[in-house]
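When we follow full-length UniProt numbering, the leftmost residue of the sequence shown carries the number 1, and every step to the right adds one.
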Amino acid sequence: MSALLLRAATAAGGLEAAGVRRGLATEIGAGGRRVRKEFADKMRAGPGFGEFVSSGTSEPITAAEAMEKARGKAGVVRLPRWLKTDIPTGSSVGAIRKTLRELKLHTVCEEARCPNMGECWGGGKHGTATATIMIMGDTCTRGCRFCSVKTSRSPPPLDAAEPANVATALAAWGLDYVVLTSVDRDDLADFGSAHFAATVREIRARAPQMMIECLTPDFQGRAELIEPVAQSGLDVYAHNIETVESLQGAVRDYRANYKQSLFVLEHVKKSKPTLLTKSSIMLGVGETDAEVLQAMRDLRAAGVDIVTLGQYMRPTKRHMKVHEYVTPEKFKHWEQVGNELGFVYAASGPLVRSSYKAGEFFISEILRKRSAAAAATAAAPGTSDLRGIAASVATEERKRA
Numbered sequence: 001m002s003a004l005l006l007r008a009a010t011a012a013g014g015l016e017a018a019g020v021r022r023g024l025a026t027e028i029g030a031g032g033r034r035v036r037k038e039f040a041d042k043m044r045a046g047p048g049f050g051e052f053v054s055s056g057t058s059e060p061i062t063a064a065e066a067m068e069k070a071r072g073k074a075g076v077v078r079l080p081r082w083l084k085t086d087i088p089t090g091s092s093v094g095a096i097r098k099t100l101r102e103l104k105l106h107t108v109c110e111e112a113r114c115p116n117m118g119e120c121w122g123g124g125k126h127g128t129a130t131a132t133i134m135i136m137g138d139t140c141t142r143g144c145r146f147c148s149v150k151t152s153r154s155p156p157p158l159d160a161a162e163p164a165n166v167a168t169a170l171a172a173w174g175l176d177y178v179v180l181t182s183v184d185r186d187d188l189a190d191f192g193s194a195h196f197a198a199t200v201r202e203i204r205a206r207a208p209q210m211m212i213e214c215l216t217p218d219f220q221g222r223a224e225l226i227e228p229v230a231q232s233g234l235d236v237y238a239h240n241i242e243t244v245e246s247l248q249g250a251v252r253d254y255r256a257n258y259k260q261s262l263f264v265l266e267h268v269k270k271s272k273p274t275l276l277t278k279s280s281i282m283l284g285v286g287e288t289d290a291e292v293l294q295a296m297r298d299l300r301a302a303g304v305d306i307v308t309l310g311q312y313m314r315p316t317k318r319h320m321k322v323h324e325y326v327t328p329e330k331f332k333h334w335e336q337v338g339n340e341l342g343f344v345y346a347a348s349g350p351l352v353r354s355s356y357k358a359g360e361f362f363i364s365e366i367l368r369k370r371s372a373a374a375a376a377t378a379a380a381p382g383t384s385d386l387r388g389i390a391a392s393v394a395t396e397e398r399k400r401a
């Protein structure tokens with residue numbers, strides 16, 4: 001009897017559970033249909049396509065509004081369209097990369113993740129492939145907050161064969177213009193000055209027609225270490241102040257500073273007046289217009305001939321953030337200011353870098369015309385009217401374009 005009652009109770013419980021499941025499924029099914037109906041109603045009542053493509057105003061948005069719209073939910077700023085570039089490809093890119101690997105050489109193009117690598121290595125509109133060679137290794141003793149080159153207090157020793165290897169590679173490429181730069185080597189007694197000068201002399205011996213620009217460290221502001229490089233046979237001596245005076249500590253390594261960099265540029269002119277000197281400023285790191293103008297005036301006061309201004313682009317999430325993406329119109333303004341201040345050449349644009357193909361072409365033309373003018377008048381190469389020559393080159397380039 002008890003067994004029969006147990007089976008009956010079990011059966012009843014099973015029926016009850018089944019009923020609960022059927023009721024639950026019916027309720028969920030009805031709820032799902034209700035949610036879908038509500039979603040469809042919202043879609044029908046929502047904005048149309050015209051409202052998506054129209055901002056609701058005929059007035060263009062300001063740079064500040066564009067910056068705000070570019071920020072995602074996490075506060076990350078999307079890259080503006082004018083800063084997007086193609087991935088570097090082509091036979092010239094492959095050939096240059098192959099030679100670099102074979103000779104164990106480094107380029108700042110790769111190490112600093114330059115956005116112009118495709119144009120420079122691929123030839124660009126002027127047809128000559130160029131690369132900025134980075135000597136003294138790929139490891140820097142300083143830790144600037146904008147730079148992606150790896151750092152160490154004790155990098156590997158210098159490669160004694162590097163000057164000859166660099167000269168061999170450049171002679172094989174047949175370039176008209178080359179830029180040499182380097183990491184900082186505060187671990188060396190002369191900070192790499194002798195190695196830098198030796199590399200220039202090797203290039204000059206193997207490719208005497210090649211124009212050489214050197215983008216150097218500050219050598220801690222020591223005149224006796226700046227002079228050997230300035231006297232080594234180069235055509236353009238470049239050293240970057242990087243940013244305005246008030247942001248030096250936030251942007252650069254503590255061993256670099258504004259006045260020290262200006263001293264380097266000023267001393268180069270005193271050491272060899274015929275050398276063209278050059279410096280670069282990053283924009284978008286928090287500077288004001290008044291500070292940029294003052295920095296440009298300070299560079300001219302130091303005798304600097306060429307200035308470049310470009311957009312700071314954050315290489316990785318470990319580096320300092322972009323404060324703003326400066327518009328192409330603002331860069332054009334700074335180019336005009338540079339011309340008004342008396343620079344021989346001012347290059348200013350979102351993708352302009354200290355070593356940039358278009359700038360190198362322009363500078364090489366100035367140097368050629370200066371040499372030709374000096375030869376025609378039997379004058380010293382440095383006595384020609386550089387401003388007049390630059391204007392002539394600019395006119396020819398506009399006609400060609």
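Built from N, CA and C at the ideal position, the CB exists for glycine as well. Owing to the predicted nature of the structure, the values given are computational and were not obtained by experimental measurement.
Practice problem: State buried or exposed for phenylalanine 362, treating a residue as buried only when at least 16 other CB atoms are found within 10 Å of its CB. | Solution: Counted from its first residue, the sequence shown places residue 362 at position 362. By the neighbour-count definition (other C-beta atoms within 10 Å, threshold 16), phenylalanine 362 is a buried residue.
Quiz item: Got a sec, what are the start and stop residues for the beta strand (DSSP E) serine 182 sits in?
Solution: Counting from 1 along the sequence shown, the entry for residue 182 is found at position 182. Run containing serine 182: 177-182, per the beta strand (DSSP E) assignment.
Quiz prompt | Alpha carbon of proline 228 to alpha carbon of alanine 197, nearest angstrom | solution = Residue mapping note: residue 228 aligns to position 228 of the sequence shown, counting from 1. Residue mapping note: residue 197 aligns to position 197 of the sequence shown, counting from 1. Answer to the nearest angstrom: the Cα atoms are 6 Å apart.
Quiz item: Anyone know if the C-beta pair for cysteine 214 and valine 179 falls short of 9 Å?
Solution: As a position in the sequence shown, residue 214 is number 214, starting the count at 1. As a position in the sequence shown, residue 179 is number 179, starting the count at 1. Cβ atoms of cysteine 214 and valine 179: closer than 9 Å.
Exercise. Find the nearest neighbour of threonine 288 within the set Leu234, Pro163, Trp334, judged by alpha-carbon distance.
Key: Taking the first residue of the sequence shown as position 1, residue 288 is located at position 288. Ranking Leu234, Pro163, Trp334 by Cα distance to threonine 288 puts Trp334 first.
Quiz prompt | alpha helix (DSSP H) runs contained entirely in the region 133-214, provided each spans 4 or more residues | solution = The qualifying runs are 162-173, 193-206.
Practice problem: Could you spell out where the beta strand (DSSP E) holding lysine 278 opens and where it closes? | Solution: Here the question's residue 278 lines up with position 278 in the sequence shown. 276-283 is the span of the beta strand (DSSP E), which, as asked, contains lysine 278.
Quiz item: serine 348 lies in the beta strand (DSSP E); which residues open and close that run?
Solution: In the sequence shown, counting from the first residue as 1, residue 348 sits at position 348. Start and end: 345-348.
Quiz item: In three-state DSSP terms, what is valine 268?
Solution: Against the sequence shown, residue 268 aligns to sequence position 268. If DSSP states are grouped into helix, strand and coil, valine 268 belongs with the helices.
Quiz item: Which of the three DSSP states, helix, strand or coil, is assigned to glutamine 311?
Solution: Position 311 of the sequence shown, counted from the first residue, corresponds to residue 311. Three-state DSSP puts glutamine 311 in a strand.
Quiz prompt | Helix, strand or coil at glutamate 287 [DSSP, three-state] | solution = Position 287 of the sequence shown, counted from the start, is the residue given in the question as residue 287. Here glutamate 287 sits in coil by DSSP.
Self-check item: Buried or exposed (CB count within 10 angstroms, at least 16 for buried), glutamine 336
Solution: Along the sequence shown, one-based indexing puts residue 336 at 336. So glutamine 336 ends up on the exposed side.
Self-check item: Candidates Asp190, Asn165, Asp176, Tyr177: closest to threonine 199 by CA position
Solution: Residue mapping note: residue 199 aligns to position 199 of the sequence shown, counting from 1. Nearest option by C-alpha distance: Asn165.
Practice problem: Could you give the DSSP three-state label for glutamate 242: helix, strand or coil? | Solution: Taking the sequence shown and counting its residues from 1, the one referred to as residue 242 is at position 242. Glutamate 242: strand per DSSP, three-state reduction.
Quiz item: Which of helix, strand or coil does DSSP assign to tyrosine 258?
Solution: Counted from its first residue, the sequence shown places residue 258 at position 258. When secondary structure is reduced to three states using DSSP, tyrosine 258 falls in the helix class.
Practice problem: Whole angstroms is fine: what's the gap from glycine 273's alpha carbon to asparagine 257's? | Solution: Residue 273 sits at position 273 when you count from the first residue of the sequence shown. Residue 257 sits at position 257 when you count from the first residue of the sequence shown. Going by the sequence as given, residue 273 is proline instead of glycine. Roughly 24 Å separates the two Cα atoms.
Quiz item: What is the DSSP secondary structure of valine 236, reduced to helix, strand or coil?
Solution: For the purposes of this step, residue 236 is taken as residue 236 along the sequence shown, with counting starting at 1. It is a strand residue.
Quiz prompt | Given leucine 262 as reference, the closest of Ser271, Asn240, Val251 once Cα atoms are compared | solution = Here residue 262 is taken as the residue at index 262 of the sequence shown, counted from 1. For leucine 262, the nearest C-alpha among the options comes from Asn240.
Exercise. Following the continuous alpha helix (DSSP H) through histidine 319, name the residue where it begins and the one where it ends.
Key: By 1-based counting over the sequence shown, the position of residue 319 is 319. Note, histidine 319: premise wrong, no alpha helix (DSSP H); not H, not E.
Quiz item: DSSP puts isoleucine 306 in a beta bridge; with which residues?
Solution: To locate residue 306, count along the sequence shown from 1; it is residue 306. Isoleucine 306 pairs with Lys278, Tyr345.
Self-check item: Buried/exposed call for methionine 134, threshold 16 Cβ in 10 Å
Solution: In the sequence shown, residue 134 corresponds to position 134, counting from 1. Per the 10 Å Cβ criterion, buried.
Practice problem: Mind reading off the beta-carbon distance from tyrosine 177 to methionine 211? Whole number of angstroms is fine, and I expect it under 8 Å. | Solution: Here residue 177 refers to the residue found at position 177 when the sequence shown is read from its first residue. Here residue 211 refers to the residue found at position 211 when the sequence shown is read from its first residue. Their Cβ separation, rounded to whole angstroms, is 5 Å, which keeps tyrosine 177 and methionine 211 in contact under 8 Å.
Quiz prompt | Three-state class that DSSP yields for threonine 377 in the structure shown | solution = In the sequence shown, counting from the first residue as 1, residue 377 sits at position 377. It is helical.
Practice problem: Run the CB neighbour count on alanine 161, radius 10 Å, all protein chains shown included, and call it buried at 16 or more, exposed below. | Solution: For this step, residue 161 is matched to residue 161 along the sequence shown. Around the Cβ of alanine 161, a 10 Å sphere holds fewer than 16 other Cβ atoms; the residue is exposed.
Exercise. Quick one: give me the first and last residue of the alpha helix (DSSP H) that glycine 249 is part of.
Key: Counting from 1 along the sequence shown, the entry for residue 249 is found at position 249. Its alpha helix (DSSP H) spans residues 248-251.
Quiz item: How would you label lysine 98, buried or exposed, when you count the other beta carbons within 10 angstroms and need 16 or more for buried?
Solution: Indexing the sequence shown from 1 puts residue 98 at position 98. By the 10 Å Cβ count, lysine 98 comes out exposed.
Exercise. Could you check which residue in Ala302, Ala301, Val292 has the C-alpha nearest to that of glycine 310?
Key: For the purposes of this step, residue 310 is taken as the residue at position 310 of the sequence shown. Of Ala302, Ala301, Val292, the residue nearest in Cα terms is Val292.
Self-check item: Straight-line gap, alanine 290 to lysine 330 (C-alpha atoms, nearest Å)
Solution: Against the sequence shown, residue 290 aligns to sequence position 290. Against the sequence shown, residue 330 aligns to sequence position 330. Whole-angstrom Cα-Cα distance: 13 Å.
Quiz item: Leaving out five residues before and five after aspartate 235 in sequence, what residues of the same chain have Cβ atoms less than 6 Å from its Cβ?
Solution: On the sequence shown, residue 235 is found 235 positions in, with the first residue counted as 1. Excluding positions up to five away in sequence, the list reads Met211, Ile212, Leu367.
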